[in-house]
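Presented below is the structure to which this report refers.
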Amino acid sequence: FIFLVPSSGQNIQPCYSHDLKGFIKDGQDYSLTLENSRTGKIYLTFFEGFQYRVVICSNNTKKFKISLYDIDKKLLYSTVCNDFIKDIDIQFKSNIACIAEVSVENVSTENPKFTIAIAFKQKPAAK
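For any residue, its number in this note's numbering is found by taking its place in the sequence shown, counting from 1, and adding 4.
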(Lines of atoms letter the chains of each structure in order from A; the text may use other names.)
(Lines give C-alpha, C1' and ligand atoms only; values in the text may rest on other atoms or scores of the structure.)
Protein backbone atom coordinates (compact mmCIF):
# COMPACT_ATOMS: atom_id res chain seq x y z
CA PHE A 5 0.00 0.00 0.00
CA ILE A 6 1.07 3.57 -0.66
CA PHE A 7 0.19 6.15 1.98
CA LEU A 8 -1.13 9.66 1.34
CA VAL A 9 1.31 12.56 1.50
CA PRO A 10 0.72 16.26 0.85
CA SER A 11 1.06 17.11 -2.82
CA SER A 12 4.03 19.19 -3.87
CA GLY A 13 3.21 20.38 -7.37
CA GLN A 14 3.13 16.98 -9.02
CA ASN A 15 1.50 16.68 -12.43
CA ILE A 16 -1.91 15.60 -11.13
CA GLN A 17 -5.31 17.17 -11.82
CA PRO A 18 -5.95 19.61 -8.94
CA CYS A 19 -9.19 18.96 -7.09
CA TYR A 20 -9.36 22.55 -5.85
CA SER A 21 -10.57 23.58 -9.31
CA HIS A 22 -13.66 21.41 -8.72
CA ASP A 23 -16.78 23.33 -7.64
CA LEU A 24 -17.16 22.63 -3.91
CA LYS A 25 -20.66 24.21 -3.79
CA GLY A 26 -20.52 25.94 -0.40
CA PHE A 27 -17.92 23.69 1.21
CA ILE A 28 -14.65 25.14 2.55
CA LYS A 29 -11.46 23.38 1.46
CA ASP A 30 -9.30 22.19 4.36
CA GLY A 31 -6.25 23.87 2.79
CA GLN A 32 -4.42 20.73 1.66
CA ASP A 33 -4.24 18.70 -1.52
CA TYR A 34 -3.06 15.16 -1.18
CA SER A 35 -1.61 12.92 -3.84
CA LEU A 36 -1.73 9.17 -4.05
CA THR A 37 0.24 7.10 -6.57
CA LEU A 38 -0.44 3.39 -6.92
CA GLU A 39 3.06 2.22 -7.77
CA ASN A 40 3.12 -1.49 -8.67
CA SER A 41 -0.22 -1.88 -6.95
CA ARG A 42 -3.93 -1.72 -7.61
CA THR A 43 -4.84 -0.28 -4.19
CA GLY A 44 -3.73 2.67 -2.07
CA LYS A 45 -5.05 4.00 1.20
CA ILE A 46 -5.10 7.12 3.31
CA TYR A 47 -6.08 7.81 6.88
CA LEU A 48 -8.64 10.54 7.55
CA THR A 49 -10.37 11.92 10.64
CA PHE A 50 -13.88 13.33 10.52
CA PHE A 51 -15.54 15.31 13.29
CA GLU A 52 -19.11 15.42 14.55
CA GLY A 53 -20.99 18.60 13.63
CA PHE A 54 -19.60 18.93 10.10
CA GLN A 55 -20.64 17.83 6.65
CA TYR A 56 -17.73 16.77 4.45
CA ARG A 57 -17.14 16.65 0.72
CA VAL A 58 -14.29 14.34 -0.34
CA VAL A 59 -13.18 14.89 -3.95
CA ILE A 60 -11.04 12.24 -5.66
CA CYS A 61 -9.54 13.16 -9.06
CA SER A 62 -7.23 11.52 -11.55
CA ASN A 63 -5.83 12.79 -14.84
CA ASN A 64 -4.69 9.33 -15.98
CA THR A 65 -7.23 6.87 -14.55
CA LYS A 66 -10.85 7.10 -15.67
CA LYS A 67 -12.38 4.28 -13.61
CA PHE A 68 -11.63 3.63 -9.96
CA LYS A 69 -13.32 2.59 -6.73
CA ILE A 70 -13.30 4.49 -3.44
CA SER A 71 -14.19 2.72 -0.18
CA LEU A 72 -14.35 4.18 3.31
CA TYR A 73 -13.72 1.94 6.33
CA ASP A 74 -13.66 2.55 10.05
CA ILE A 75 -10.44 1.75 11.90
CA ASP A 76 -11.67 -1.85 12.49
CA LYS A 77 -11.98 -2.25 8.68
CA LYS A 78 -15.82 -2.20 8.74
CA LEU A 79 -17.08 -0.87 5.39
CA LEU A 80 -18.88 2.47 5.84
CA TYR A 81 -19.23 3.58 2.22
CA SER A 82 -18.22 2.46 -1.27
CA THR A 83 -18.73 3.85 -4.77
CA VAL A 84 -17.24 3.64 -8.26
CA CYS A 85 -16.03 6.53 -10.41
CA ASN A 86 -16.34 6.18 -14.18
CA ASP A 87 -15.15 9.61 -15.33
CA PHE A 88 -11.85 10.76 -13.69
CA ILE A 89 -13.47 12.62 -10.75
CA LYS A 90 -15.81 11.66 -7.91
CA ASP A 91 -17.12 13.67 -5.02
CA ILE A 92 -18.61 12.12 -1.90
CA ASP A 93 -20.73 13.95 0.68
CA ILE A 94 -20.60 12.42 4.15
CA GLN A 95 -21.20 13.27 7.79
CA PHE A 96 -20.90 11.32 11.02
CA LYS A 97 -22.75 11.35 14.33
CA SER A 98 -19.47 11.25 16.27
CA ASN A 99 -15.77 11.84 15.71
CA ILE A 100 -14.29 8.98 13.68
CA ALA A 101 -10.95 7.88 12.25
CA CYS A 102 -11.30 6.27 8.83
CA ILE A 103 -9.33 4.56 6.11
CA ALA A 104 -10.12 5.71 2.57
CA GLU A 105 -9.07 3.14 -0.02
CA VAL A 106 -8.70 3.89 -3.74
CA SER A 107 -8.47 0.89 -6.04
CA VAL A 108 -8.37 0.16 -9.75
CA GLU A 109 -9.35 -3.17 -11.34
CA ASN A 110 -7.65 -2.89 -14.70
CA VAL A 111 -4.49 -0.86 -14.61
CA SER A 112 -4.28 0.69 -18.09
CA THR A 113 -1.83 3.36 -16.95
CA GLU A 114 1.52 2.88 -15.29
CA ASN A 115 1.36 4.21 -11.72
CA PRO A 116 -2.22 5.54 -11.52
CA LYS A 117 -2.20 8.96 -9.82
CA PHE A 118 -4.92 10.58 -7.72
CA THR A 119 -5.46 13.90 -5.97
CA ILE A 120 -7.73 14.00 -2.95
CA ALA A 121 -9.26 17.14 -1.47
CA ILE A 122 -11.30 17.41 1.71
CA ALA A 123 -13.80 20.21 2.24
CA PHE A 124 -16.29 20.83 5.03
CA LYS A 125 -19.13 22.96 6.27
CA GLN A 126 -20.67 23.16 9.68
CA LYS A 127 -24.02 21.50 9.88
CA PRO A 128 -26.81 23.53 11.49
CA ALA A 129 -27.42 22.83 15.17
CA ALA A 130 -30.43 20.67 15.97
CA LYS A 131 -33.45 22.65 17.24
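Every residue, glycine too, gets a C-beta built ideally from N, C-alpha and C.
Between which residues of its own chain and residue i is the CB-CB distance below 6 Å, once the five residues before and five after are set aside?
| i | result |
| --- | --- |
| PHE7 | Bear in mind that the predicted position of PHE7 carries a pLDDT of just 33, short of 50, making it unreliable; the figure below should be weighed with that in mind. So no residue of the chain qualifies. |
| GLN55 | GLN95, LYS125 and LYS127 |
| LYS69 | VAL84 and SER107 |
DSSP three-state call for residue i: helix, strand or coil?
| i | result |
| --- | --- |
| ILE120 | strand |
| ASP76 | coil |
| THR97 | Reading off the sequence, residue 97 comes out as Lys, not Thr. Three-state DSSP puts LYS97 in coil, outside helix and strand. |
| LYS127 | coil |
| THR2 | The structure shown has nothing for residue 2, since the chain only spans 5 to 131. |
| SER82 | strand |
| VAL58 | strand |
| SER41 | coil |
| SER112 | coil |
Which whole-angstrom value describes the C-beta separation of residue i and residue j, a residue pair presumed to lie in contact below a C-beta threshold of 8 Å?
| i | j | result |
| --- | --- | --- |
| ALA104 | LEU48 | 6 Å |
| THR87 | LYS66 | Sequence check: residue 87 is Asp here, not Thr. The pair is a contact, with the Cβ atoms about 6 Å apart (cut-off 8 Å). |
| ILE92 | TYR81 | 7 Å |
| ALA123 | ILE28 | 6 Å |
Skipping 5 residues on each side, what residues in its chain have a beta carbon closer than 8 Å to that of residue i?
| i | result |
| --- | --- |
| ASN64 | THR113, PRO116 and LYS117 |
| ARG42 | SER107, VAL108, GLU109 and VAL111 |
Among the residues of its own chain, which have a CB less than 7 Å from the CB of residue i, if the five just before and after it don't count?
| i | result |
| --- | --- |
| ASP74 | LEU80, ILE100 and CYS102 |
| ASP98 | Checking the displayed sequence, the identity of residue 98 turns out to be Ser instead of Asp. GLU52. |
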